[in-house]
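Q:
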């Protein structure tokens, strides 16, 4: 979707990766969870995809790690894009893992 139409989490991530990196990602967070390579929480770097279980389904939410323990995401379609802390109790309890889609620098 176009930015003016609003994004859900997967739409935001797919748009950012396509626009900023020329990388085409699948549409849903679950499909994205199969791309790239696994990354441990301690090894996260900016641009890594971070996944959460927000609807009693693994990998039901995705955001982009931006460094210093934070990630950016679209909480729901039409809501404002937000920056959150990975250590926030809500997100920490629902963390499913991370994937690195961008090549190592």
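In the working numbering, the protein residues as written are 262 to 366.
Where a beta carbon is used, it is the ideal one built from N, C-alpha and C, also for glycine.
Please identify the residue among 296, 340, 330 and 299 whose C-alpha is closest to the C-alpha of residue 350.
A: As a working note, residue 350 is residue 89 in the chain shown. For residue 350, the nearest C-alpha among the options comes from 330.
Q: Going by C-alpha distance, which of 290, 285, 283 and 280 is nearest residue 336?
A: The residue given as residue 336 occupies position 75 in the chain shown. Residue 290 is the option with its Cα nearest to residue 336.
Q: Of all the options 306, 327, 311 and 328, which has the alpha carbon lying nearest to the alpha carbon of residue 320?
A: In the chain shown, residue 320 corresponds to position 59, counting from 1. Ranking the options by Cα distance to residue 320, first place goes to 311.
Q: Taking C-beta to C-beta, are residue 339 and residue 271 nearer than 9 Å?
A: Your numbering for residue 339 matches position 78 in the chain shown. Your numbering for residue 271 matches position 10 in the chain shown. Cβ distance not < 9 Å, so residue 339 and residue 271 don't count as in contact.
Q: Verify whether the separation of the beta carbon atoms of residue 305 and residue 278 is less than 9 Å.
A: Here residue 305 is taken as the residue at index 44 of the chain shown, counted from 1. Here residue 278 is taken as the residue at index 17 of the chain shown, counted from 1. No, the Cβ-Cβ distance between residue 305 and residue 278 is not below 9 Å.
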